[in-house]
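Encoded as structure tokens, the structure appears first; notes follow it.
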Amino acid sequence: MGEGTAFAHHQSVKAPPVPSLELFRVWYPAVERRSSYPNQVDIMSPIRIDAHQHFWNLAKVDYPWLGPEAGPLYRTFEPAELVPQLKAAGIDKTVLVQSANNTEDTISMLTQAEDYDWIGAVVGWVPLLDPDRAGRLLERYTRHPKFRGVRHLIHNEPDPDWLIQPRVVEGLKVLASFGVPFDVVAVYPDHLKHVPAVMERVPGLTVIIDHLAKPPIKHKQMGGWADQMAAAARYPGVYAKVSGLNTAADWNAWTVDDLKPYIDFAVAAFGADRLMFGSDWPVCTLAGDYARVWQATIAALHGYSQAEVDAVFGETARRVYRI
Ligand SMILES: [Zn+2]
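For the sequence shown, the positions run 1253 to 1575 when the numbering used here is used.
Shown next as structure tokens:
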């Protein structure tokens, strides 16, 4: 009776959001065919990579942080909208980064990466608090030719020390054992300070600090942020993204001059071969647009050598995310 009732209503009930692992079997044959395509990157011309962008689809994936209060970001953003902006900037490849701590977001991104050649790498999610399950998921994900990293929205966790709790450290060790890099959404000062502790506890891990850890650009301060960035940069396995800076500045009045001291500091601390440009689209649209962020980053790097510029705008990301 109960079963029959459920069946009768079946067509009007939305499909459950959690994807079945059966989906993996659908991916692999298609993926293996694609992985035999020739590498279309011409090594003689510098590759241009946007190492940090997002898509979200409100109908398919649950994003607990994304509600009406997110204003213009509270809608679906999909690849077709980004294409003309990438073309205008001359971007060859992007790194598509997770926006939700769930498997359906990761599956959605990997599916998009199969459909769009210019998505060069996907940074997905695994449950670091459950190292065994993280390992089982990584066994599957790492067979996908574009799965290249993991991130967790640590800045949305109520515990600012979430990253260094023992279970998560165990999870990070599993990541390291798969050779999968970890993107840290380090928001200064709560999370950036933990990067050296993570590197001490998980020596083989590659860590990428997103958005230069959101320096206090709006308040035009350097001190504590600079100290923490320098401490993180002492570990050779730590990289950083020159991204998300416009939204750390005064949204309505930022200029290149506001961003440049932080970018200069990062180049001095890390070297260009450990830095990578990212647009943080569509978040960047809160304080400008794709073209403005791209142009401002080019302007901020004016005067650096061509090799340094090429590193930040593509070579570092190509190496770290194996694009
Ligand atoms: Zn982002």
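C-beta: ideal position from N, C-alpha, C; glycine also.
Please read these numbers as outputs of a predicted model, since none were measured by experiment.
Stretch-stretch touch, CB-based, cutoff 8 Å, three pairs: the segment 1358-1366 with the segment 1539-1547:
Flag = no, the segment 1358-1366 and the segment 1539-1547 do not touch.
Beta-bridge partners of LYS1493, as assigned by DSSP:
Indexing the sequence shown from 1 puts residue 1493 at position 241. LYS1493 is bridged to MET1528.
Alpha carbon to alpha carbon, what distance is there between GLU1409 and MET1481?
Start at 1 with the first residue of the sequence shown, and residue 1481 comes out as number 229. Start at 1 with the first residue of the sequence shown, and residue 1409 comes out as number 157. About 22 Å.
Give me, in chain order, the residues of the same chain whose beta-carbon lies closer than 6 Å to that of PHE1565; leave out the 5 immediate sequence neighbours on both sides.
Against the sequence shown, residue 1565 aligns to sequence position 313. For PHE1565, same chain residues with a beta-carbon under 6 Å away, outside a window of 5 residues either side, are ARG1300, PHE1529 in chain order.
I'd like to confirm something about HIS1306: is its beta-carbon nearer than 7 Å to some heavy atom of ligand 1, or not?
Translated into the one-based positions of the sequence shown, residue 1306 becomes position 54. At least one heavy atom of ligand 1 is nearer than 7 Å to the Cβ of HIS1306, so yes.
Which ranges would you report for the beta strand (DSSP E) in the segment 1311-1368 if only whole runs of at least 3 residues count?
1345-1349
Contiguous beta strand (DSSP E) assignments of at least 3 residues, all confined to the segment 1389-1460
Qualifying beta strand (DSSP E) stretches, in chain order: 1399-1404, 1434-1436.
Within the same chain, show all residues whose beta-carbon is closer than 7 Å to that of SER1351, passing over the 5 residues directly before and after it, in chain order.
Locating residue 1351 in the sequence shown gives position 99, where the first residue counts as 1. Within the same chain, SER1351 has close Cβ partners HIS1306, TRP1308, TYR1315, ASP1357.
Using the three-state DSSP reduction, which class does GLY1476 fall into: helix, strand or coil?
Against the sequence shown, residue 1476 aligns to sequence position 224. GLY1476 falls in the helix class under three-state DSSP.
Which of helix, strand or coil DSSP assigns to ASP1502
Reading the sequence shown from its first residue, position 250 is the one you call residue 1502. Looking at ASP1502 - three-state DSSP - the assignment turns out to be coil, as it is neither helix nor strand.
Alpha carbon to alpha carbon, how far is ALA1449 from ALA1311?
Walking along the sequence shown from the start, residue 1449 turns up at place 197. Walking along the sequence shown from the start, residue 1311 turns up at place 59. Using only the alpha carbons, I get a separation of about 39 Å.
From what residue to what residue does the beta strand (DSSP E) around ALA1303 run?
The sequence position of residue 1303 within the sequence shown is 51, counting from 1. Counting along the chain, the beta strand (DSSP E) containing ALA1303 begins and ends at 1301-1305.
With a threshold of 16 other CB atoms inside 10 Å of the CB of THR1568, please say whether the residue is buried or exposed.
Position 316 of the sequence shown, counted from the start, is the residue given in the question as residue 1568. So THR1568 counts as buried.
When TYR1491, VAL1375, PRO1379 are compared against HIS1396, the one with the closest alpha-carbon
In the sequence shown, the residue the question calls residue 1396 occupies position 144. The candidate whose alpha carbon is nearest that of HIS1396 is VAL1375.
Taking GLY1496 as the reference, which of GLY1387, ALA1548, GLN1417, SER1557 has the closest Cα?
Start at 1 with the first residue of the sequence shown, and residue 1496 comes out as number 244. Closest option to GLY1496, Cα to Cα, is ALA1548.
Figure out for me which residue from LYS1425, ASP1462, GLY1431, TYR1440 has the closest Cα to the Cα of GLU1452.
Taking the first residue of the sequence shown as 1, we reach residue 1452 at position 200. If we check each option's Cα against that of GLU1452, LYS1425 comes out closest.
State the Cα-Cα distance for the pair PHE1430 and ASN1504, rounded to the nearest angstrom.
For this step, residue 1430 is matched to residue 178 along the sequence shown. For this step, residue 1504 is matched to residue 252 along the sequence shown. Cα to Cα, the separation comes out at about 43 Å.
Are VAL1347 and HIS1304 closer than 8 Å when you measure CB to CB?
For the purposes of this step, residue 1347 is taken as residue 95 along the sequence shown, with counting starting at 1. For the purposes of this step, residue 1304 is taken as residue 52 along the sequence shown, with counting starting at 1. It is a contact, given that the beta carbons lie within the stated cut-off.
Could you tell me which of PHE1517, GLY1476, LYS1472 sits nearest to ALA1501, measuring between CA atoms?
Within the sequence shown, numbered from 1, the residue matching residue 1501 stands at position 249. Closest option to ALA1501, Cα to Cα, is LYS1472.
For VAL1535, is the beta carbon positioned less than 7 Å from some heavy atom of ligand 1?
Here residue 1535 corresponds to residue number 283 of the sequence shown, with the count starting at 1. Yes, since a heavy atom of ligand 1 falls inside the 7 Å radius drawn around the Cβ of VAL1535.
For THR1394, which residues in the same chain have their Cβ closer than 6 Å to its Cβ, ignoring the five residues on either side in sequence?
Position 142 of the sequence shown, counting from 1, holds the residue named residue 1394. Correct list, in chain order: PHE1430.
Classify HIS1554 as buried or exposed, calling it buried when 16 or more other Cβ atoms lie within 10 Å of its own Cβ.
Counting from one through the sequence shown, the residue named residue 1554 turns up at place 302. It is exposed - the Cβ of HIS1554 has fewer than 16 other Cβ atoms within 10 Å.
Rounded separation between ASP1344 and PRO1298 - CA only
Counting from one through the sequence shown, the residue named residue 1344 turns up at place 92. Counting from one through the sequence shown, the residue named residue 1298 turns up at place 46. Their Cα atoms are separated by approximately 10 Å.
Any chance the CB of GLY1540 is under 7 Å from a heavy atom of ligand 1?
In the sequence shown, counting from the first residue as 1, residue 1540 sits at position 288. Not under cutoff, so the answer is no.
Between TYR1440, VAL1508, ALA1492, ALA1539, which has its C-alpha nearest ALA1563's C-alpha?
Position 311 of the sequence shown, counted from the first residue, corresponds to residue 1563. Ranked by Cα distance from ALA1563, the first of TYR1440, VAL1508, ALA1492, ALA1539 is ALA1492.
Please classify ALA1365 as buried or exposed, where buried requires at least 16 other C-beta atoms within 10 Å of its C-beta.
One-based indexing of the sequence shown puts residue 1365 at position 113. Counting Cβ neighbours within 10 Å, ALA1365 comes out buried, since at least 16 surround it.
Could you have a look at VAL1561 and say whether DSSP puts it in helix, strand or coil?
Counting from one through the sequence shown, the residue named residue 1561 turns up at place 309. Secondary structure of VAL1561 (DSSP, three-state): helix.
Straight-line Cα distance separating GLY1423 from ARG1403:
The residue labelled residue 1403 in the question sits at position 151 within the sequence shown. The residue labelled residue 1423 in the question sits at position 171 within the sequence shown. Looking at the two C-alpha atoms, the distance is approximately 12 Å.
Span of the beta strand (DSSP E) holding ILE1469?
Position 217 of the sequence shown, counting from 1, holds the residue named residue 1469. Here ILE1469 belongs to no beta strand (DSSP E), and DSSP marks it neither H nor E.
CB of ASP1462 within 8 Å of CB of VAL1437, strictly
For the purposes of this step, residue 1462 is taken as residue 210 along the sequence shown, with counting starting at 1. For the purposes of this step, residue 1437 is taken as residue 185 along the sequence shown, with counting starting at 1. It is a contact, given that the beta carbons lie within the stated cut-off.
Residue span of the beta strand (DSSP E) that contains ALA1373, given as start and end
As a position in the sequence shown, residue 1373 is number 121, starting the count at 1. Unbroken beta strand (DSSP E) run through ALA1373: 1371-1376.
Run the proximity test for VAL1349: is its beta-carbon closer than 7 Å to any non-hydrogen atom belonging to ligand 1?
Stepping through the sequence shown from its first residue, residue 1349 is reached at position 97. Yes, since a heavy atom of ligand 1 falls inside the 7 Å radius drawn around the Cβ of VAL1349.
Between ALA1485 and ALA1521, how many whole angstroms is the CB-CB distance? I'm expecting something under 8 Å.
For the purposes of this step, residue 1485 is taken as residue 233 along the sequence shown, with counting starting at 1. For the purposes of this step, residue 1521 is taken as residue 269 along the sequence shown, with counting starting at 1. The Cβ separation is near 4 Å, so the contact holds.
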